[in-house]
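With the sequence shown counted from 1, adding 11 to any position gets you our numbering.
Where a beta carbon is used, it is the ideal one built from N, C-alpha and C, also for glycine.
Right, one structure below, let's go through it.
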Amino acid sequence: MVWSHATIELIRRTADEWQIDLPPDALGQFAAYVDALLAANAQHNLTRITEPHDIAVRHILDALRCAMSWHAAPRRLADIGSGAGVPGLILAIIQPTCQVTLIESIGKRAEFLRQVSAHLGLSNVSVSSVRAELLGRDPHHREGYDIVTARAVAELRILVEYALPLCRIGGQVLAPKGADVAAELEQARRAIDVLGGGQVRCEPVLLPGLAPRTLVTVTRIAACPPQYPRRPGVPQQRPIGVGAPTRATGKPSDAS
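Here's what the structure looks like:
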């Protein structure tokens, strides 16, 4: 795959505007990732986005936007429901000293992530097929991450039960969402409080040619009660707080 000069310059210029320092080989690794994604996608349906320029904007730039919002460069990052590797794999490329765990319970997706990480020589990446609810109870992972990311995984009141137990106190959960997250955020407030979350920040995300969206950041400030996360399936069936589970109102419609 050969990106146009305009697409390459768009990635480079946007990273400069966002004050993100790309490693010298990052653009080449991004291109190699896109090649591997498109080759695997023919068999495994990993993404609906198949035009190289669209992948650059909707996957790569959308992932890079997360790096603007963390307090400091993370030492450990977990990406829940990593799917095609967004945002976790892209962030691993630009942060080679950060140990990144890609959490993906669907076998074909997890295998793709293992293969593409090896192909790109990303020694800082590991892939876990264990569900996030179980990793959140594993002492090797619980409260072990500076940053936890998750895109298009679940509505926020469910997502925080997956993510906050993995996040250390002082760390952040980053959740790319659609533009209208007010109702979803309101439903999630009790869960955030119960699970040790504190400040919630909603930042606008403007990507070329796309409708506005939001990056929701939740900072972990207190201990998470030991009974959370609950066993797999329970957070979705019985979210913390009032009301029954609904579809995520703030989920980007073009995220996959």
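Checklist entry - Would DSSP call Y156 helix, strand or coil? => result Residue 156 sits at position 145 when you count from the first residue of the sequence shown. Three-state DSSP puts Y156 in a strand.
Checklist entry - Counting along the chain, where does the alpha helix (DSSP H) carrying C178 start and finish? => result Along the sequence shown, one-based indexing puts residue 178 at 167. Per DSSP, C178 belongs to no alpha helix (DSSP H); it is in the beta strand (DSSP E), 178-188.
Checklist entry - Near V8, what residues of its chain come up, given a Cβ to Cβ distance below 6 Å and the 5 sequence neighbours on each side ignored? => result Since the first and last residues shown for the chain are 12 and 267, residue 8 lies out of range.
Checklist entry - If we ignore side chains and look at the alpha-carbon of each, how far apart do I101 and V68 end up? => result One-based indexing of the sequence shown puts residue 101 at position 90. One-based indexing of the sequence shown puts residue 68 at position 57. In this structure, the alpha-carbon of I101 lies about 12 Å from that of V68.
Item to check | With 16 other Cβ atoms within 10 Å as the buried cut-off, status of Q248 | outcome: As a first step, residue 248 is located in the sequence shown; it is residue number 237 there, counting from the start. Answer is exposed; the Cβ neighbour count stays below 16.
Checklist entry - CB of T61 to nearest heavy atom of the ligand MG: below 8 Å? => result Because no ligand of any kind appears in the structure shown, any question about the ligand MG cannot be addressed here.
Item to check | Residue range of the alpha helix (DSSP H) that includes A103 | outcome: For the purposes of this step, residue 103 is taken as the residue at position 92 of the sequence shown. For A103, the enclosing alpha helix (DSSP H) starts and ends at 99-105.
Checklist entry - Where E172 and P240 are concerned, what is the direct C-alpha to C-alpha distance, given to the nearest angstrom? => result Start at 1 with the first residue of the sequence shown, and residue 172 comes out as number 161. Start at 1 with the first residue of the sequence shown, and residue 240 comes out as number 229. C-alpha separation (whole angstroms): 6 Å.
Checklist entry - Can you check whether the CB of R142 is closer than 9 Å to the CB of I169? => result Here residue 169 is taken as the residue at index 158 of the sequence shown, counted from 1. Here residue 142 is taken as the residue at index 131 of the sequence shown, counted from 1. No, the pair does not count as a contact, with Cβ atoms beyond the cut-off.
Item to check | Presumed contact (8 Å Cβ cut-off) between L167 and P243, rounded CB distance | outcome: Residue numbering aside, residue 167 sits at position 156 when the sequence shown is read from its first letter. Residue numbering aside, residue 243 sits at position 232 when the sequence shown is read from its first letter. In fact, because the Cβ distance is near 19 Å, the residues do not count as touching under 8 Å.
Item to check | Coil, strand or helix - V122 by DSSP | outcome: Walking along the sequence shown from the start, residue 122 turns up at place 111. Correcting the residue type first, residue 122 is Glu in the shown sequence and not Val. Three-state result, E122: helix.
Checklist entry - Buried or exposed: R23, going by 16 or more other Cβ atoms within 10 Å of its Cβ? => result Reading the sequence shown from its first residue, position 12 is the one you call residue 23. The residue in question, R23, is exposed, as its Cβ has fewer than 16 Cβ neighbours within 10 Å.
Next on the checklist: Tell me the DSSP secondary structure of G39 in three-state form.
Outcome noted: Within the sequence shown, the letter at position 28 stands for residue 39. In the structure shown, G39 sits in a helix (DSSP, three-state: H, G or I).
Next on the checklist: If we require 3 or more residues per run, which beta strand (DSSP E) segments fall completely within the stretch 58-97?
Outcome noted: 87-91
Checklist entry - Straight-line CA distance for E20 to L38? => result Here residue 20 refers to the residue found at position 9 of the sequence shown. Here residue 38 refers to the residue found at position 27 of the sequence shown. Their Cα atoms are separated by approximately 10 Å.
Checklist entry - From which residue to which residue does the beta strand (DSSP E) around R231 run? => result In the sequence shown, residue 231 corresponds to position 220, counting from 1. First-last of the beta strand (DSSP E) with R231: 224-231.
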